[in-house]
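>
In this note's numbering, the protein residues as written are 763 to 1047.
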């Protein structure tokens, strides 16, 4: 059976546009990258570094950052919190080249097959990033943001590429790649459904737990809600709240504390270090 992660299958894509993304894509070997003038976007085969260079240069202009977003399992780029929440939030700041890794076809395969391919996907993308680095692009300053299993891909890329600036993990972390703070200069983990869709491990330099990091999150429970619905809703809150934090730097304040319950009920850690959720987080503290 043909691997779902070879260059013979439509599995990974990247597109860049004026403020809507450029997509990395793993297409057929003979597929050509294309410029979609109607949607003002550029799609590049994942190993077509000339296309990616062109797309990045077209969109760079006065942008100071490059941010790569990776959607989750059983999602597509158009039906995902990444595209619906995070990308518009970043676009509103107008300071970053926006890229989305599209792995829709593979993401809708069997879970066991998908999880077994994460390392290979990470290696393929890391190879492209390393090639871009050799051509003079400061890939080490790019930021990777992954939601759900996309976080796992981000971790794999960080493991095999040139130390990207930031990998932000949103739940669903698997074991194939070594998940730890060393996959990037700084890893920031934000938990909203810990223990179900999310790992219970502390995988970041900074680990932030929204309302203990577990379901149900606010707005995710009613008398008619199934457990599946509650966890799915809580799982997606990570991206919605992170998008809010992109637009408003002081929207969500986190406090360092060994016991969240004591802090929430009795302000037990009120004098401890505090930090705001978002891409502006102080990575040197």
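Think of the CB as a built atom: it goes at the ideal place given N, C-alpha and C, for glycine as much as any other residue. Note that the structure is a prediction, hence the values are computed from the model and not measured.
Grab me the residues of residue 918's own chain with a C-beta within less than 6 angstroms of its C-beta, minus the 5 sequence neighbours each way, in chain order.
Excluding residues within five positions, the ones whose Cβ falls inside 6 angstroms are 880, 881, 884 and 939.
> Is the distance from the Cβ of residue 847 to the Cβ of residue 1011 below 8 angstroms?
Cβ distance not < 8 angstroms, so residue 847 and residue 1011 don't count as in contact.
> Buried or exposed for residue 925, please, with buried defined as at least 16 other CB atoms from any protein chain shown within 10 angstroms of its CB.
In this predicted model, residue 925 has a pLDDT of only 45, less than 50, meaning its place in the structure is not dependable enough to derive any value.
> According to DSSP, is residue 931 part of a helix, a strand, or is it coil?
The predicted position of residue 931 is uncertain, since its pLDDT is 49 and thus under 50; a value taken from the coordinates is nonetheless stated next. Strand, per DSSP.
> By alpha-carbon positions, which one of 947, 870 and 966 ends up nearest to residue 953?
Considering only alpha carbons, the answer is 966.
> Does the ligand FMN have even one heavy atom less than 7 angstroms from the beta-carbon of residue 993?
With respect to the ligand FMN, the structure shown offers nothing to examine, as it has no ligands at all.
> Do the segment 824-833 and the segment 860-873 touch if we need at least three Cβ pairs shorter than 8 angstroms?
Yes: the two stretches touch, three or more of their Cβ pairs being nearer than 8 angstroms.
> Can you tell me which of the three DSSP states residue 799 falls into?
With a pLDDT of 42 at residue 799, under the threshold of 50, the predicted position of this residue should be treated as unreliable, and no value is reported.
> Helix, strand or coil: which one does DSSP assign to residue 969?
Note: residue 969 maps to strand in three-state DSSP.
> Which residue comes first and which comes last in the alpha helix (DSSP H) that contains residue 1024?
Here the alpha helix (DSSP H) through residue 1024 covers 1022-1028.
> Please go through the same chain and pick out, in chain order, the residues whose beta-carbon is closer than 7 angstroms to the beta-carbon of residue 1021, but skip the five residues on each side of it.
1030.
> Which one of 997, 968, 1027 and 889 has the shortest CA to CA distance from residue 1018?
Closest by alpha carbon: 968.
> Quick one: what's got a C-beta closer than 8 angstroms to residue 869's C-beta in the same chain, skipping five residues either side?
Contacts found: 833, 834, 835, 836, 837, 838, 876 and 911.
> Counting only the same chain and skipping the five closest in sequence on each side, list residues whose C-beta sits under 6 angstroms from that of residue 887.
So the qualifying residues of the chain are 919.
> Go to residue 830, then tell me how far its beta strand (DSSP E) extends in each direction, as first and last residue.
Its beta strand (DSSP E) spans residues 827-832.
> According to DSSP, is residue 959 helix, strand or coil?
Residue 959 falls in the coil class under three-state DSSP.
> Applying the criterion that 16 or more other CB atoms from any shown protein chain within 10 Å of the CB defines a buried residue, is residue 956 buried or exposed?
The residue in question, residue 956, is buried, as its Cβ has 16 or more Cβ neighbours within 10 Å.
> Spatial neighbours of residue 972 within its chain, please: C-beta separation below 6 angstroms, excluding the five flanking residues on both sides.
Excluding residues within five positions, the ones whose Cβ falls inside 6 angstroms are 954.
> Which residue marks the beginning of the alpha helix (DSSP H) containing residue 981, and which one marks its end?
Segment: none, residue 981 is in no alpha helix (DSSP H) and carries neither H nor E.
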